[in-house]
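Quick mapping for you: the protein sequence lines, in order, are chains A and B.
For the working numbering, count along the first sequence from 1 and bump the result up by 527.
For the working numbering, count along the second sequence from 1 and bump the result up by 527.
Number of protein chains: 2
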Amino acid sequence: MAGKRNDVPPRVRVRRGPKKGRYDRASVDDVLDRGLLAHVAFADGDDAVCIPMLYARVGDRVYIHGSTKSRAVRLLAEGAPACLTVTLVHGLVLARSAFEHSANYDSVMAFGPFARVLDEDERLRAFEAFTEKLLPGRWDEVRQPNAKELKATEILALEIGDASVKVRSGGPDDDESPDAERETWAGVLPIVRSYGTPTPAPGLRPGIELSESVRRLLALRAPPG
Amino acid sequence: MAGKRNDVPPRVRVRRGPKKGRYDRASVDDVLDRGLLAHVAFADGDDAVCIPMLYARVGDRVYIHGSTKSRAVRLLAEGAPACLTVTLVHGLVLARSAFEHSANYDSVMAFGPFARVLDEDERLRAFEAFTEKLLPGRWDEVRQPNAKELKATEILALEIGDASVKVRSGGPDDDESPDAERETWAGVLPIVRSYGTPTPAPGLRPGIELSESVRRLLALRAPPG
């Protein structure tokens, strides 16, 4: 992947606000690894469709999964043009003018197509990555997929190639404008994510303690985007 | 818009997990109004593209906006097939098996196309809606758009017609399975959003107090999705 703006293919070049664009692989991986949910765009006949999907990155690949009976999964497996986007919103940007109001965010866009993953070991590693992305340490605590579950699940991979990151950060853009003379407070209102109190499953057997993975997460980490 | 599953057009019908689909207008509006960020899918030549956008609903229309110089905005303004999706993630669903791990979420999907908004009064009302969606009460505190800003901004509207909501809620799906006999904690880890401490703009004049709208938001409300 190219690291400079002029080297990057037109479809991934950040055109508006070019200073906000990043094309290096470390920036792409960083946003992918901090996110939780992707939105995946693809064509379905004459329609454009945008669906939310869980995902995980392993090395140069971004994996998604779904039922083998899902229409979206089937279309993506057939190699439909696709774009996976992950956006983390950090704060509300409050300016003195309505026009300069915005949001601070990191967003990564990676172009497909996706391809079916057939190798059984890679499929299992992708399952592990999905589980570990939701909750690090969880894979070793839970029952791993059996043959029936693996058969019912299509796993698709997107090779990270054409990808870009767009970032909006910092305060409002009107600090240097005549609007800064106004009597209006301006700045950023951060949006913060945290975990609430774990809710046991209704069918949880009495006496089972909170998993080590959950306790570690509550002690150490903010939620992914 | 149809309220029953069998009345809804194929492209909006929730096919996987049909119990999770809702098609009534109140459910659609509810998720749109609670969300902050949309992802918009459209075709650009042979590519499918998915971009994050701020948006606001007024009545039967969802508005987005962008620079008149933006390629995405131009394509959408020309009536490209489009899909706007807003997803609110509420929690991590932690099961006893890797297979049943999931996330709880509300997601709304609304199909375009978008159309350019030309009426000056409607354009101003859309601007007001964008500002009020970020921060209720903000519109009356800030300088409203001038002629130059209005000219530089394309406002696009999607008429809410074909739309659906998909919801995943509650605990893991393995309470009734043999896996429930395992010694593994299972349940939901809620994801909670809150606002952090407001950061003044570097150029904020000394002595300007926090706006009433910000104080009210910090006192009363959780952030939008």
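Cβ coordinates follow ideal geometry from the N, Cα and C atoms, glycine included.
Three-pair Cβ contact test at 8 Å for the segment 596-616 of chain B versus the segment 624-641 of chain B: yes
Residues that B/T658 contacts on chain A, provided the C-beta gap is smaller than 7 Å: Your numbering for residue 658 of chain B matches position 131 in the second sequence. Near B/T658 (Cβ distances below 7 Å), the residues of chain A are A625, H628.
Proximity test, Cβ basis, 8 Å: B/P663 and chain A: Counting from 1 along the second sequence, the entry for residue 663 of chain B is found at position 136. No, its Cβ sits nowhere closer than 8 Å to a Cβ of chain A.
Of the residues B/E681, B/A625, B/E668, the one placed nearest B/D646, counting alpha carbons only: Sequence index remark: in the second sequence, residue 646 of chain B carries index 119 (1-based). Nearest option by C-alpha distance: B/E681.
First through last residue of the beta strand (DSSP E) which encompasses A/V692: As a working mapping, residue 692 of chain A is identified with position 165 in the first sequence. From DSSP, the beta strand (DSSP E) with A/V692 extends over 690-695.
Boundaries (first-last residue) of the alpha helix (DSSP H) holding B/S740: Counting from 1 along the second sequence, the entry for residue 740 of chain B is found at position 213. Start and end: 739-747.
Local Cβ density within 10 Å of A/R743, reported as buried at 16 or more and exposed below that: Reading the first sequence from its first residue, position 216 is the one you call residue 743 of chain A. Label assigned to A/R743: exposed.
C-beta neighbour in chain A for B/M528, strict 8 Å: Working through the second sequence from its first residue, we reach residue 528 of chain B at position 1. Note that B/M528 scores a pLDDT of 41, beneath 50, so its modelled location is shaky; the value from the coordinates is reported in the next line. No, because no Cβ of chain A sits closer than 8 Å to the Cβ of B/M528.
Residue burial classification, B/T711 (beta-carbon count within 10 angstroms, cutoff 16): Residue numbering aside, residue 711 of chain B sits at position 184 when the second sequence is read from its first letter. Its Cβ being crowded by 16 or more others within 10 Å, B/T711 is buried.
Contact residues within the segment 711-729 of chain A, judged by C-beta distance below 9 Å to chain B: T711, W712, A713, G714, V715, L716, P717, I718, V719, R720, S721, Y722, G723, T724, P725, T726, P727, A728, P729
Local Cβ density within 10 Å of A/K693, reported as buried at 16 or more and exposed below that: Locating residue 693 of chain A in the first sequence gives position 166, counting from the first residue. Buried is the call here.
Stretch pair the segment 596-603 of chain A + the segment 567-585 of chain A: three plus CB contacts closer than 8 Å: yes
C-alpha gap between A/G734 and B/G664, whole angstroms: Here residue 734 of chain A is taken as the residue at index 207 of the first sequence, counted from 1. Here residue 664 of chain B is taken as the residue at index 137 of the second sequence, counted from 1. C-alpha separation (whole angstroms): 49 Å.
Cross-chain neighbours of A/L632 in chain B, by beta carbon under 7 Å: On the first sequence, residue 632 of chain A is found 105 positions in, with the first residue counted as 1. Looking at the sequence itself, residue 632 of chain A is Tyr, so the reference to Leu does not match. By Cβ distance, chain B contributes P579.
Among B/N673, B/D560, B/G593, nearest to B/V585 - alpha-carbon criterion: Position 58 of the second sequence, counted from the first residue, corresponds to residue 585 of chain B. Per the Cα distances, B/D560.
Sequence-distant residues of the same chain with beta carbon closer than 6 Å to B/K660, five excluded per side: For this step, residue 660 of chain B is matched to residue 133 along the second sequence. Once the five neighbours on either side are set aside, the close Cβ partners of B/K660 are A583.
Partner residues on chain A for B/G606, Cβ-Cβ distance less than 8 Å: Here the question's residue 606 of chain B lines up with position 79 in the second sequence. Simply none; closest approach about 12 Å.
Selected residue, minimal CA-CA separation from A/E627, among B/R643, B/F654, B/E739, B/G618: What you label residue 627 of chain A is simply residue 100 of the first sequence in a count that begins at 1. Nearest of B/R643, B/F654, B/E739, B/G618 to A/E627, Cα basis: B/F654.
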